[in-house]
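From first to last, the protein sequence lines are chains A and B.
Residues 1 to 648, numbered by full-length UniProt numbering, are exactly what the first sequence covers, in order.
Residues 1 to 648, numbered by full-length UniProt numbering, are exactly what the second sequence covers, in order.
By construction, the Cβ of each residue, glycine as well, lies at the ideal position given by its N, Cα and C atoms.
There are 2 protein chains.
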Amino acid sequence: MSIEAAEAAVASSGQRVRDLKAEGAAKEAVEAAVLELQAAKATLTASVEAALASCAEGTPEYDVLKAKLPPAAKPKGKEKKKDDAPQNDRAAAKAARAAQRGAKAEAKAATKDEAVLGPNLSQAEMDSAEFGNLFIQSTHAATRAWTGVKELVPSLAGQQVWVRARVATSRKQGKALCFLQLRQSMHTAQAVVFAKEGELVGFAATLPRESVVDVFGEVTLPAEAVASCSQSAVELQVRRLYCVSRAMPELPLQLEDAARSDEQLAADPSLTRVNQDVRLNHRVIDLRTAANQGIFRLQSAVCEHFRGFLLSQGFTEIHSPKMIGTASEGGADVFRVEYFGRDAYLAQSPQLYKQMALMADLDRVFEVAPVFRSENSLTHRHGTIFFHLCECFRHMTEFVGLDMEMTFFEHYHEVLDMLDRTFCAVFDGLNQSHQEELAAARFTRRCEQRLFTPSALDSETDERARARIRERLDARGPESLAEHADTEDMGTEDEKLLGEIVAELHGQDYYIIDKFPAAVRPFYTMPDPTDPRWCAPLSRPRSRAPGPRPSPRRGLAARSNSYDIFIRGEEVTSGAQRVHDPQMLLDCAKEKGVDLSPIYSYVDSFKYGAMPHAGGGIGLERVVMLFLGLPNIRKSSMFPRDPKRLNP
Amino acid sequence: MSIEAAEAAVASSGQRVRDLKAEGAAKEAVEAAVLELQAAKATLTASVEAALASCAEGTPEYDVLKAKLPPAAKPKGKEKKKDDAPQNDRAAAKAARAAQRGAKAEAKAATKDEAVLGPNLSQAEMDSAEFGNLFIQSTHAATRAWTGVKELVPSLAGQQVWVRARVATSRKQGKALCFLQLRQSMHTAQAVVFAKEGELVGFAATLPRESVVDVFGEVTLPAEAVASCSQSAVELQVRRLYCVSRAMPELPLQLEDAARSDEQLAADPSLTRVNQDVRLNHRVIDLRTAANQGIFRLQSAVCEHFRGFLLSQGFTEIHSPKMIGTASEGGADVFRVEYFGRDAYLAQSPQLYKQMALMADLDRVFEVAPVFRSENSLTHRHGTIFFHLCECFRHMTEFVGLDMEMTFFEHYHEVLDMLDRTFCAVFDGLNQSHQEELAAARFTRRCEQRLFTPSALDSETDERARARIRERLDARGPESLAEHADTEDMGTEDEKLLGEIVAELHGQDYYIIDKFPAAVRPFYTMPDPTDPRWCAPLSRPRSRAPGPRPSPRRGLAARSNSYDIFIRGEEVTSGAQRVHDPQMLLDCAKEKGVDLSPIYSYVDSFKYGAMPHAGGGIGLERVVMLFLGLPNIRKSSMFPRDPKRLNP
C-alpha cells in the first residue's frame with residue numbers, strides 16, 4: 001500500500017473510532033474500530049519502514065519519511081478479547097498481523113501475486129487477454145450487449161452472453177476447475193471456470209467475495225439443478241473473465257450471516273448473528289442481502305403507487321419548505337438551525353403548508369418529503385438482545401412523510417375514502433407487481449399473510465366494512481375495551497384488540513378508526529358537532545366569519561372529525577377535517593393554549609375564502625415495516641437517524 | 001369582533017411587523033404592516049370600550065377589561081404617506097377608521113347587515129333556505145353531484161348543476177340582477193342571479209371577492225359569448241346560493257393586478273404593479289393567479305414525468321438522510337443543526353448517499369428531495385426595479401433536487417443518454433398533456449417557443465446532434481469563445497453563445513456540454529484518460545485496487561468525464577462519471593485538498609466491489625423557470641427561501 005493510502009487509512013480509522021465513541025456505540029463496536037485503527041497504523045509503519053530502507057539516512061526525504069511514523073500501535077486488550085470478539089476483531093487482528101510482516105515481505109508476495117491476480121488492462125487492451133483486471137474509465141463507446149443474471153434462463157442455452165455481476169462465492173476444485181456464484185441484487189447463477197491449461201482458473205480462484213466481474217460465457221443446461229442459485233436451471237461456462245473491481249479480502253460482515261432467517265437462527269444457536277448496530281455501521285454491505293434488496297425496492301414501489309393513485313385522482317404534487325421561521329405546531333421536539341445569524345427550525349410536518357396550498361386553489365395536493373422530529377423518548381416495546389442497542393430510542397429523528405390534503409364538498413369521509421382507496425391501491429400494487437421482492441423481504445422474518453389480498457380488498461374496503469367492525473366491537477361488550485376518559489387517546493391494547501377483530505372479520509390486518517376526542521388532536525382539528533358534548537352555536541357568528549364556535553372546556557370532551565389508519569394494530573396514518581374558519585381556528589388554538597401569532601400567515605390564509613378540507617400523513621417507513629411485519633423501524637429506513645446515530 | 005379575536009389580531013400584526021423588520025423587508029412593506037397593526041389596536045380599543053360600557057365600573061371584570069386596552073395607537077406618518085401609499089395602506093387606514101367608529105355603531109350595522117348577509121345555516125338547514133351562510137362541519141354524508149367550472153360547456157345546457165367556486169367578482173345591476181364571476185383554478189364562468197323579489201340578489205351583491213360559494217343553477221347558452229370568462233359559451237342561472245366561506249372585504253393584493261402580463265404593464269404605466277416581495281408576503285393569494293396555477297401544476301408534472309420515465313427504466317426511488325454527521329463535500333455553505341448536544345448538518349445534495357445506494361446493489365436510483373445551501377452571494381444578473389428586493393440574493397437556500405445515479409457497463413455516455421432521454425420525456429410530457437397550464441403559465445411573460453417540440457426532439461436528441469453542435473462551434477472560429485485556462489470553467493457568455501448555436505441548428509433551447517476540466521469539478525469526478533494531459537499509468541496498481549492514478553498537479557489540467565445540461569443558456573443539471581476505485585478516490589481528494597476522514601463510510605463503500613457509475617442532479621425550480629422563461633427563480637418555488645426570507 002502506498003504511504004499516502006496508509007496515512008489516509010489511519011486518519012479514516014481514527015475518525016471512525018471518535019465517531020463511534022461520540023455516538024455512544026456498543027463497546028464491541030468501538031473495540032473493533034480501535035483494532036482496525038491499530039492495524040492501519042501497523043500498515044503505515046511497515047510502508048514507511050520499507051521506504052526508509054531504500055532511502056539514504058540524513059537526506060531530507062529520509063527525515064520527511066521518518067516524521068510519518070505513527071506512535072507505536074499498542075494492541076492493548078486484543079488478546080483478552082479474542083474469544084468473544086466478533087468477526088470484525090478477527091479480521092482486524094489478521095490484517096494487523098499481515099501488515100506487521102513488513103513491506104519488504106509484502107513486496108515479494110505482490111510479485112508472486114501478480115501472476116495469479118492477472119494483468120491490469122485498459123478497455124482497449126481487454127480483447128487481447130482472456131482474463132485480467134479491467135479499469136473502466138469510459139475510453140470506448142459501449143458496444144456489448146449485456147445479460148442480467150435474472151435473464152439467465154434455459155431458453156438462452158447455447159448462446160454466448162456478457163454478464164456483469166458480483167462474485168458471491170468462489171470455490172476452486174483442483175487445478176482445472178473453479179465455481180463462481182454470480183449475484184445481481186436478488187438473483188444468483190453458477191459460473192463454471194474450467195481450463196486444463198493457462199491461468200484462468202487460478203485467476204478466478206483469487207477473486208475475493210463481493211468483487212465485480214465481467215464474464216463472457218456460454219449458457220448451458222446442467223444435468224442437475226443448481227440448488228444454491230436462484231437461476232438453478234442454467235450454468236454459465238466461462239470463456240473470458242475480467243475483474244472490474246476487486247473487493248478487500250475481509251468483509252466487515254458476512255452476507256450469509258446477515259441473510260439468515262429467524263427460523264434458521266432459532267434452529268442453530270451456534271450460527272453467527274449480525275446485530276442491528278453492526279448492520280447499520282456497515283449499511284452498504286448489509287443492504288446487499290436479498291431481504292434488503294426486496295425491502296427497499298418495495299419502499300420505492302409504495303411511493304410509486306401512492307403518487308400514481310393520487311395523480312390519477314387529480315392531485316398536484318407540492319414541495320413545501322423544510323426550514324421554517326418559527327417553531328410551529330407546539331414548538332417541542334423541533335430541531336433548531338443556524339440561519340444567517342438567526343434561528344430557523346426544521347419542519348415537523350408539511351401540515352400548515354399543504355393547507356395553505358389548498359387555500360391557494362391547488363385543491364388536492366400531496367407531498368413526499370422528509371420530516372424531522374427531535375424526539376428523545378425511550379421505548380419499552382422491543383427488549384430483545386438483538387435489538388436493544390438501537391431500540392433504546394423509540395423514534396427515528398428523520399423519516400419520510402407521505403402527506404395528502406384535499407378539499408371536500410359535504411363530508412370529510414370523502415377524504416377518508418380517498419385515503420382508504422390510496423392504501424388499497426398501494427397494497428394491490430405491491431401484491432400484484434412485486435411478488436419477488438415480497439418473497440425476498442419476508443424471508444428473514446415470516447409473519448401471517450392474512451392481509452391485503454386483492455380479493456379481500458375488493459369486497460371489504462367500503463363504508464359497510466367499517467360498519468361491520470363497529471358491530472363486532474359492540475358485540476364483545478364494553479368490558480373488552482379499556483375505560484377511557486372523554487379526553488383520552490386509545491391505548492396500545494385497544495388498538496391491538498381492534499386489529500384482531502378486523503382480522504377475524506375481514507381476513508386482513510388493516511383498519512380505520514374514526515372520531516378521536518378533540519383533546520388528543522391538534523388545535524386545527526374540526527370538532528364533531530353531532531356529539532352532544534359539543535355546544536353550538538355559542539354566539540351569533542360575525543358576518544365575516546359565519547359558523548358556530550366551540551365552548552372552552554366542554555368542547556375538549558367532544559369527539560372530533562379525525563381518524564387514524566392502522567396496520568397490524570399500529571398506526572400508520574393520522575388525519576382529520578381541519579378548521580377552515582379563521583375565527584374558529586383562533587378559538588380552538590386559545591382553548592389548547594397555542595399561540596398563533598408566529599404563524600399568522602397560516603391563519604391569514606383562511607381569511608380570504610376557505611374551502612372545507614381534510615387530509616392525512618402517512619409514515620413511509622412504518623407502512624413498509626408493518627406491511628412486511630419487520631421487527632424494527634430501522635429495517636425500513638436506508639440510513640436511519642436517531643438521537644445517537646448520524647452515520648453513515 | 002370579539003375581544004379575543006381583536007387581541008389575536010394585534011398579536012399577529014405585531015409579529016408580522018417584527019418579522020418584516022428582521023427580514024429587512026422593503027420600507028413600504030414595513031409601513032403597511034405598521035398601519036395594519038395600528039388598525040388592529042384601534043379595533044381592540046373599540047371592542048374593549050364597548051364591553052366596558054356595558055360593565056359596572058369598579059367590578060373585577062371592569063378592571064380586567066380595562067387592562068386589555070392597548071397603548072394609544074399613534075398613526076404617525078400616515079398622512080404624510082397617503083399619496084404614494086400602496087393599496088395595503090389604504091385598506092389599513094380604512095379599517096382603522098371603520099374600527100374607530102366604535103363597537104356600538106358596529107353592532108347596529110351588524111343588525112342591518114344580517115338581512116343582506118343572510119341567515120347562518122347548518123348543513124341540515126340548507127334545503128329550507130334558498131340562500132345563506134353555510135358552515136360545513138361534516139354533519140351529513142355527501143349526496144350531491146358536483147360540477148367543475150371547467151366542465152361547464154354548452155352540452156350541459158338545460159341541466160341543473162351544483163358548483164362550488166370562488167367569487168372572482170360580483171356586479172349588481174339594479175335591484176333584480178347581479179352577475180357573479182365564478183372561478184376554479186384557471187377557469188371562470190358567469191353566474192347570473194336574477195330575482196324580482198326576495199333577497200337573493202342582495203345576498204349575492206354582498207359577497208366579497210374570493211369568497212367561496214355553493215351555487216345551484218341551470219346551465220344556459222347566452223346570446224353573446226361571455227368574453228371575460230374562460231367558459232364563454234355558457235352561463236349559470238342561479239337558483240340557490242350559499243356562502244361557504246366569506247372573505248375579508250379588503251384583499252392584501254388584487255388578483256387582477258397580480259395577473260397582468262408584462263405587455264399589459266408596459267402598455268399602460270398607470271396600472272398597479274405588484275412587486276415580488278408583496279407577492280411572497282401574501283403568497284396564498286398570489287398563487288391563485290392563473291399563471292401561478294399553471295406554474296405549480298407544471299412543476300408537479302415535471303416530477304411526475306421525471307419519475308415515470310426513470311421507473312420505466314428500472315430505477316429505484318431512494319430517500320437519503322438530510323441530517324448528516326459531517327459537513328461533507330467541502331464544508332462551506334452548509335447549515336448547522338443542533339442535534340442533542342452535538343452538531344449535525346443539512347445535506348447539500350444526496351450525492352454521497354445515492355452513490356452508496358448503488359454500491360448497495362440498487363443499480364439505478366433516483367431521489368426527489370430538498371437540498372440546502374447556506375449561500376449568501378449577491379447577484380448582478382437581474383437589476384430591474386421590480387425584482388431588486390428579492391434578487392439581491394442570487395440563490396435560494398433551499399430547493400428541490402431531482403437526482404439520479406446509475407451503474408453503466410462501458411462508457412458514461414450510457415448515463416448521459418439516460419439523462420437526455422429523461423429531459424425529453426419531461427418536455428414531451430409537458431407539451432403533450434399540459435397545454436392549458438403552459439398557456440396560463442406563459443401568459444404573464446411571453447418568451448420564444450423555439451424549444452422542446454416533440455418533432456425536434458425525435459430527430460435531434462442523439463449523438464449526432466451533439467456532434468453537429470461541435471462542428472458549428474468550430475466553424476465560428478476560436479475567437480468566438482473566450483480564452484480559457486485549462487483549469488477554468490465556462491463563463492456565462494460562452495454558455496449563451498452555445499445556446500444560440502443550438503437554437504440555430506436545432507430550433508430548440510436545450511443542449512449538453514461534455515468534458516469539463518477536472519479542476520472545476522468535485523474530487524469524486526472521474527478524470528478523462530484520453531486527454532493527453534492525463535498521465536497514466538503512474539504506478540503499478542496495487543492488486544486490490546487496479547487502475548491508473550492521476551498525477552498530482554498535471555491531472556487537474558485534464559478534462560474529466562463530466563457534463564452539464566443547459567436550457568436557454570443556463571445550467572439545469574450537473575453530472576459526471578464518479579471515481580469508483582477507493583485508492584484513486586483518495587488520490588483525487590488529496591490533490592484537491594479534501595479531507596475524506598469524516599466521510600469514511602463513503603470511501604469504504606467502494607472497497608468491497610464497486611460498479612462503474614455516473615449520474616446527475618437537476619434543479620427542479622430551475623427547470624420550471626427556464627422551460628417557461630420566467631424572470632426569477634422565486635416564481636417557480638411555492639414558498640421560497642433565501643438568506644432574508646423564512647416566511648411564510
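Local Cβ density within 10 Å of residue i, reported as buried at 16 or more and exposed below that
i        : result
B:Lys76  : Residue placement at B:Lys76 is poorly supported in this model, since its pLDDT is 41, which falls under 50; the coordinates are not used for a value here.
A:Arg171 : exposed
B:Thr422 : buried
B:Gln435 : exposed
A:Gly609 : buried
A:Gly14  : buried
B:Thr272 : exposed
A:Ala72  : Low local confidence applies: a pLDDT of 48 at A:Ala72 is under 50, so the model's placement there is unreliable, with the coordinate-based value given in what follows. Exposed.
A:His380 : Its pLDDT being 43, under 50, A:His380 is placed unreliably in this model, and the value from its coordinates should be taken loosely. The residue is exposed, with fewer than 16 neighbouring Cβ atoms inside 10 Å.
Pair within 8 Å by beta-carbon distance, residue i and residue j
i                      : j        : result
residue 657 of chain A : A:Gly575 : No answer is possible for residue 657 of chain A: the residues shown for chain A start at 1 and end at 648.
B:Gln264               : B:Ser228 : no
B:Gly294               : B:Glu437 : yes
A:Met526               : A:Asn561 : yes
B:Gln299               : B:Arg634 : no
B:Val48                : B:Val34  : no
B:Leu253               : B:Val274 : yes
B:Gly148               : B:Gln173 : no
B:Ile565               : B:Leu346 : no
B:His411               : A:Ala129 : no
B:Lys592               : B:Arg559 : no
A:Arg288               : B:Asp361 : yes
A:Asp642               : A:Met396 : yes
Option in the options with minimal Cα separation from residue i
i        : options                                : result
B:Glu405 : B:Ala357, B:Pro370, B:Val274           : B:Ala357
B:Ala191 : B:Pro648, B:Glu199, B:Val274, B:Asp214 : B:Asp214
A:Leu221 : A:Gln508, A:Leu156, A:Ala503           : A:Leu156
A:Leu177 : A:Gln508, A:Leu200, A:Lys496, A:Gln159 : A:Leu200
A:Glu571 : A:Phe523, A:Val623, A:Gly593           : A:Val623
A:Asp494 : A:Phe606, A:Arg568, A:Gly429, A:Leu505 : A:Arg568
B:Ser122 : B:Glu130, B:Phe131, B:Ile136           : B:Ile136
A:Ala168 : A:Ala247, A:Gly158, A:Lys175           : A:Ala247
B:Pro119 : B:Gly499, B:Cys243, B:Ser637           : B:Cys243
Residue i CB to nearest heavy atom of the ligand FMN below 7 Å
i        : result
B:Cys178 : Summarising the ligand content, the structure contains no ligands, and the ligand FMN is consequently not present.
**Segments of 4+ residues assigned as alpha helix (DSSP H) that fall wholly inside the region 227 to 293 of chain B** = The qualifying runs are 255 to 258, 262 to 267, 276 to 281, 283 to 286.
**Prompt:** Are the region 297 to 312 of chain A and the region 308 to 318 of chain B in contact at 8 Å, needing three or more beta carbon pairs?
**Reply:** Contact between the region 297 to 312 of chain A and the region 308 to 318 of chain B is present, because at least three Cβ pairs lie under 8 Å.
**Asked** Would you call the region 232 to 241 of chain B and the region 252 to 272 of chain B touching, i.e. three or more CB-CB distances under 8 Å?
**Response** Contact fails: fewer than three Cβ-Cβ distances are below 8 Å.
**Item:** Whole runs of the alpha helix (DSSP H) within the region 400 to 438 of chain A, excluding any shorter than 4 residues
**Value:** Within the region 400 to 438 of chain A, the complete alpha helix (DSSP H) segments at least 4 residues long are 413 to 433, listed from N- to C-terminus.
**Sufficient close CB pairs (3 or more, under 8 Å) joining the region 215 to 225 of chain A to the region 156 to 174 of chain A** = At 8 Å Cβ cutoff, the stretches touch.
**Inter-stretch contact (C-beta, 8 Å, three-pair minimum) for the region 342 to 350 of chain A and the region 364 to 375 of chain A** = Touching, yes, given that three or more Cβ pairs across the two stretches are closer than 8 Å.
**Message:** Whether or not the region 315 to 325 of chain B and the region 638 to 648 of chain A are in contact is what I'm after, with contact meaning three or more pairs of Cβ atoms, one per stretch, closer than 8 Å; do they touch?
**Reply:** In short, these stretches touch, since the Cβ pair count reaches three.
**Item:** Uninterrupted alpha helix (DSSP H) stretches inside the region 577 to 608 of chain A (no shorter than 4 residues)
**Value:** 582 to 592, 600 to 604, all fully within the region 577 to 608 of chain A.
**Asked** Which ranges would you report for the beta strand (DSSP E) in the region 322 to 354 of chain B if only whole runs of at least 3 residues count?
**Response** Taken in chain order, the complete beta strand (DSSP E) segments of 3 or more residues contained in the region 322 to 354 of chain B are 336 to 339, 342 to 346.
**Request:** Please go through the region 125 to 192 of chain A and give each complete beta strand (DSSP E) segment of 3 or more residues, from N-terminal end onward.
**Result:** List check, beta strand (DSSP E) in window: 131 to 134, 160 to 172, 177 to 184.
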